[in-house]
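J.: First the structure, then my questions, so here it is.
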Amino acid sequence: MNKDLQNSFQARLARRCPFYYGWVVLAVASVSSYTTRPLMASAVLAIFVVPMTAEFGWSRGVFSGALSLGGLLAVVVAPMVGRWIDRYGSGTVLAVSSVIVGVCGLGLSQVVNLGGYYGLFVPGRACFAAPLELAPTTAISNWFIRRRPLALAILMGTQGTGLAAMPMVAQWIIGGWGWRVAWSSLGIYTLVIGVIPALLMIRRPE
233 MNKDLQNSFQ ARLARRCPFY YGWVVLAVAS VSSYTTRPLM ASAVLAIFVV PMTAEFGWSR
293 GVFSGALSLG GLLAVVVAPM VGRWIDRYGS GTVLAVSSVI VGVCGLGLSQ VVNLGGYYGL
353 FVPGRACFAA PLELAPTTAI SNWFIRRRPL ALAILMGTQG TGLAAMPMVA QWIIGGWGWR
413 VAWSSLGIYT LVIGVIPALL MIRRPE
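For my numbering, add 232 to where a residue sits in the sequence shown, where the first one is 1.
Structure (structure tokens):
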């Protein structure tokens with residue numbers, strides 16, 4: 233779908249919506265925050281510590297180092313993310329970031345060495361800490377003024393719920409099918425949900 237067709241599709245949706253379209257933007261941002269961002273959270277990674285370090289013989293310090301490197305990478309790319317949001321819109325940045333996180337999750341299910349693990353988790357973690365943090369809040373701020381505090385509170389609430397739920401889901405999958413299936417399942421789930429922002433999100437009311 234080219235950009236003109238996509239914009240036309242989004243504009244038609246907004247015109248036909250029986251209520252303020254900002255609530256659709258909020259719902260899309262909340263779904264993305266609930267499903268996509270938690271995959272690379274430290275609470276989720278903690279569930280994988282025991283099975284992965286046991287299989288590969290890595291120390292927990294080495295395993296956890298990917299979190300720190302991902303955070304450092306996020307600091308580096310955050311200014312660029314802001315420019316990308318200004319240029320392409322929050323929906324596009326959310327969709328691309330979700331694809332990156334999903335692909336990294338799928339790749340983590342196939343890792344066989346430490347380099348592969350770092351090469352996949354670090355960029356996924358950077359997406360968690362930069363675009364998947366900035367894009368939803370920017371979208372909400374663009375669409376809400378008087379009710380912005382309420383909208384942001386709803387967004388933060390769904391984020392927190394996702395961050396609480398995904399470790400439990402990961403633990404359940406690992407217990408039944410192993411850590412590789414857990415990474416691949418969560419990666420596929422993220423990829424499926426990640427296309428929604430690009431289809432439904434409009435940058436600003438005007």
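Each residue gets a CB set at the ideal place from its N, CA and C atoms; glycine is no exception.
All of these numbers come straight from a predicted model, not from anything done at the bench.
1) For W409, count neighbouring C-beta atoms within 10 Å of its own C-beta (all shown protein chains included) and say buried if the count is 16 or more, exposed if not.
2) Can you grab the Cα-Cα spacing for the pair A306 / L346, in whole Å?
3) Classify G297 as helix, strand or coil using the three-state DSSP reduction.
4) With DSSP collapsed to three states, give me the class of Y349.
5) Output the boundary residues of the alpha helix (DSSP H) element that contains V382.
6) Tell me which residues share the same chain as V313 and place their Cβ nearer than 8 Å to its Cβ, disregarding the 5 neighbours each side in the sequence.
7) Determine contact between the region 332-339 and the region 240-256, defined as no fewer than three beta-carbon pairs at a distance below 8 Å.
8) Looking only at its own chain, which residues have a Cβ that is under 8 Å from the Cβ of I377, when we skip the five neighbours before and after it?
9) Is the region 380-398 touching the region 261-280 in the sense that three or more CB pairs, one from each, lie closer than 8 Å?
10) Does the count of Cβ pairs from the region 426-436 and the region 251-261 closer than 8 Å reach three?
11) To the nearest angstrom, report how far apart S264 and I317 are at their CA atoms.
12) Starting from M284 and walking both ways along the alpha helix (DSSP H), at which residues does that stretch end?
13) Going by other Cβ atoms of all chains shown within 10 Å of its Cβ, with 16 needed for buried, is V344 buried or exposed?
T.: Inspection of the coordinates gives the following:
1) So W409 counts as exposed.
2) Spanning the two alpha carbons is a distance of roughly 21 Å.
3) Residue state for G297 is assigned as helix, using DSSP reduced to three classes.
4) In the three-state reduction of the DSSP assignment, Y349 falls in the helix class.
5) A quick correction: the sequence has Leu, not Val, at residue 382. Counting along the chain, the alpha helix (DSSP H) containing L382 begins and ends at R380 to W409.
6) Excluding residues within five positions, the ones whose Cβ falls inside 8 Å are V325, A362, P363, L366 and A367.
7) The region 332-339 and the region 240-256 do not touch, with fewer than 3 CB-CB distances between them shorter than 8 Å.
8) Correct list: empty, nothing qualifies.
9) These segments touch.
10) With a cut-off of 8 Å, the region 251-261 and the region 426-436 count as touching, because enough Cβ pairs lie within range.
11) Each residue's Cα considered, the two are about 16 Å apart.
12) Its alpha helix (DSSP H) spans residues S274 to F288.
13) An exposed status is given to V344, since fewer than 16 other beta-carbon atoms sit within 10 Å of its beta-carbon.
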